[in-house]
Amino acid sequence: MSNVIVGTAGHIDHGKTTLIKALTGINTDRLKEEQERGITIDLGFAYLLLPSGRRVGIVDVPGHEKFVKNMLAGAGGIDLVLLVVAADEGIMPQTREHLNILQLLNVKKGIVVITKKDLVDEEWLEMVKEDIGEELNGTFLEKSPVIPVSSVTGEGIKELIEIIDRMTEEAFERDLDSPFRLPIDRVFSLPGIGTVVTGSLLCGSVSVGENVEIFPKGLICKVRSIEIHGESRQSAQAGQRTAINLSDVKPEDISRGDVVSRAGAMLPVSRALGSFRLLKDAPRTLKNRDRVRFHAGTGEVMARVNLIDVDELLPGEEAFVSLDFEEPVAVSYKDYYVVRSYSPITTIGGGQILFVNPSRFKRSMRDRVLDALRRAEEGDLSEYILGFVSVFGRSHIPLKSLVPYTGRCLEKIRAAAECLSAGGEALVLRVGPEDEVFDKRFYEDKSAEVRDILENYHRKFPLSEGMAKEELRSRLNLDGKVFEAVLDRWVTEGLLESRGKTVNLKGFIVKVSEKQEEIIDKLLRVFREKGWTPPTFNELTASFSEEAKDVKEVLNWLVSRGDIIKINEEIYMAREWVEKARHLLQKFFAENSELTVAQFRDMLGTTRKYALPLLEYMDGIKVTRRLKDTRAAGIRLYE
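Under full-length UniProt numbering, the sequence shown has 608 at position 608, and the numbering climbs by one with no breaks.
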C-alpha cells in the first residue's frame, strides 16, 4: 500500500480551504493575512484519516492568479487532485490554468468536487455538471468522479471521503530504491529545535542521523529528527508529507525551491535539455531565446528557452528545447516542469527534463541530437545512458558517476548499462576498481585507431617486437586505467597481443630482410671482436654504408632479442662480454670487499670511457652496489 498525497486545485474563492477543513477539521490558512482576507495566499497542509485507517497528506493551494507560483510549488508532489469548482460560478480562468498545470505535471488521477451545493438548485447544478464535462473532455479528469458537496451543511463530505479512500487503495508507483528527494516548500525555525524544512518526499527514503545535502547550494547537514503528520518517526519514504529537522544549517541559508537529498546525489544544474509543449491556449508563439519563468518541484527561476528542432513554436505544438537557467536549479532526469511567460505572467507550457548539464553540440549533430532526445523521452534509463555517452555527456563514465545526473540508484543504472552491453549498443568494462560504460562508437573508433597505429608501426619497424604500451596509450590519448581496460578487451577479442611492456597486432611476426641479415651479421661480428671497447653508436653508424635508421632498427632488435646489451644511449656490448665482466666481478669480490673504477678498468684492460658506463650498468642491475667512491658486491652478483 503506497503513501498518497492529495492536493487541491481551482479558482479563488471556490471553497478549497473550507473543503479541507470540512474533510479534516484543520484550517490550512495559517497566515494572519490569509485569515484576515479570507483567501489562501501560500500553501497549506493537513492530513486526512480515512475509513480504512490510512492517512493521506493534503496540500491546499491558493487559487488567486497572483499566487499561481505558490500553487505550482505545491502541485509537484500530488498523486490525487481534488479539482474544486464552485456551484454558483462554474469553470473560471484559474480553474483552466490549474488544470493545464496538473496535466503538464503529469498528474493522472483526480476527483471533481463541486462545492457550495447549498447555494444553487438542482437545475443549476446539472447545468454546471454539463459545463464541467465539456471543459474536462480530453483531459485526465474526463472520466473522474464528480461529487457535489456543501462544506457548510456537510452534504456529500462522507461520500467524498469514501471515494478518496477507494481511489487511494491501489498502489501508486514509487521509486523507493533511488536517493531520496524532498523539494522544500517551507522552511522555518522552532525554539529549542532549530531549522525545519517540509515537503512531499518524491522518491527513496530518509532516516534520522543521515548526512544530507541542500541542492543546488551544496550545503551539507544532518537529519536530526523526522515528523510525519505531527508524529515523530525514525524514517520517511516516498509519498509522505515530511518535516525534517536539520542540524548545521541556518533557516536563512535555505529557501523554497531547494531540494534535500543524499549528499552527492544531485547536481547544481545550469542548463538542461527536455521536451516542451506549448499550450493550445497560449497567448502567442514561443520564439527562440524567449525569457520565461521556469517551475520545477517547489522552485521558480528565470530561464531562456532555446528551440532545438524549430525556429518558432505555435500554440499546441511540441519541440525539444535547451533551457539556460539564470541561477542553478535542482532538477533531474524525467522531472516534469511548467513554464510561465515573463510578462504578462501566465502558464504557457511545460514538459519533461531529459538531460542535465549536457555538453554543447554542433549544428552538424542535429540529427543525432534529436534522435537521442526522442529515445530518452520515449524510453527508459538505458536510453538515457546511451544518449549520455554518445551525444550529451562523456564517451565513457563510471556507473556511479551517473547517479547525480539521473537521480537513480546505482543498481538501476548498472542493470540498464548491462542491458545495453548485452544488446551490443554500449560496452561495460572494469576500469580499476569500478565499472564504466563506454559509447560503442567511441570504442570502435579507438579500435580502428589502434589498428592503424600498430600497422604503421610494424611497417616502419618490422624488426620491433611491438610498440611500447606507454607510447600507444599516449597516442590514443587515454587515461592509464581506461587504457588498461580497453587493452584487455582488445587482447580478449584477438585484436592485439600484449607482451610485457610492449603490444603488437595479433599474428604479427618479425621478418628479417636480406639487407637486415647482412647488417645483423656485421653488427654481431663487430661487437664480438671489439669486446669491452665497442664502437659508440655514432661511430657504428658512420662505419656502415647503410642509413643510420636501418642500423638503429637492427641494433634495437638485437637488444630486444638479448644478443646485444644496451649499456647507455651511446654504448652497446655483446652479451657474452657483459657476462665475462660479471664473472670477473664475482671472482674479485670473492677476495675483496670494495672495487674502484680504476681497478675495474684495469681488470677489463679497457679505458674509463667504457669501464665507468659498464660499472654503472652493473649498479643498475644490482650486480654491484655503489658506495661513496667505490663499489661493493650487489645482491644479484651470483645469480
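Glycine residues also receive a C-beta, built at the ideal position from the N, C-alpha and C atoms.
If you check the CB distance, V196 and A243 come in under 8 Å. In the three-state reduction of the DSSP assignment, M467 falls in the strand class. The alpha-carbon of V259 is positioned some 6 Å away from that of I214. Distance between K129 and V146, taken at the CA atoms: about 8 Å. For the pair of segments examined, the stretch 308 to 316 was found not to touch the stretch 325 to 340: the number of CB pairs separated by less than 8 Å stays below three. In the three-state DSSP reduction, G620 falls in the helix class (H, G or I). Between I353 and V331 the beta-carbon gap is near 5 Å, inside 8 Å, which marks them as a contact. In the three-state reduction of the DSSP assignment, D324 falls in the strand class, which pools E and B. The beta carbons of L478 and V491 sit no closer together than 8 Å.
The DSSP-derived three-state label of D309 is coil.
Contact between the stretch 219 to 234 and the stretch 149 to 157 is absent: fewer than 3 CB-CB pairs across the two stretches fall below 8 Å.
Where C419 is concerned, there is no enclosing beta strand (DSSP E), although the alpha helix (DSSP H) around it starts and stops at L410 to A422. Our two residues, I20 and S151, have alpha carbons roughly 9 Å apart in a direct line. Per DSSP, N592 lies in no beta strand (DSSP E) segment and is marked neither H nor E.
Assignment of beta-bridge partners to R55 by DSSP yields L49. According to the DSSP assignment, N137 belongs to no alpha helix (DSSP H), since it is labelled neither H nor E. Proximity of the stretch 569 to 588 to the stretch 530 to 549 meets the contact definition, three or more beta-carbon pairs being nearer than 8 Å. From the listed residues S543, V578 and A542, the smallest Cα separation to V559 is found for V578. Burial of Q103 is indicated by the presence of at least 16 other C-beta atoms within 10 angstroms of its C-beta. Taking all protein chains in view, the Cβ of Y443 is crowded by 16 or more other Cβ atoms within 10 Å, so the residue is classified as buried. Cβ neighbours of E142 within its own chain (closer than 6 Å, five residues either side excluded): L136. With a threshold of 16 other beta carbon atoms within 10 Å, T624 meets it and is buried. Apart from sequence neighbours up to five positions away, the residues of its chain that approach L402 with a beta-carbon distance below 6 Å are I413, ordered along the chain. Nearest Cα to F320 within the set G297, R293, V301 and K287: K287. Under DSSP, E497 takes part in a beta bridge, and its partners are N504. By the CB criterion at 8 Å, P328 and S255 fall outside the cutoff.
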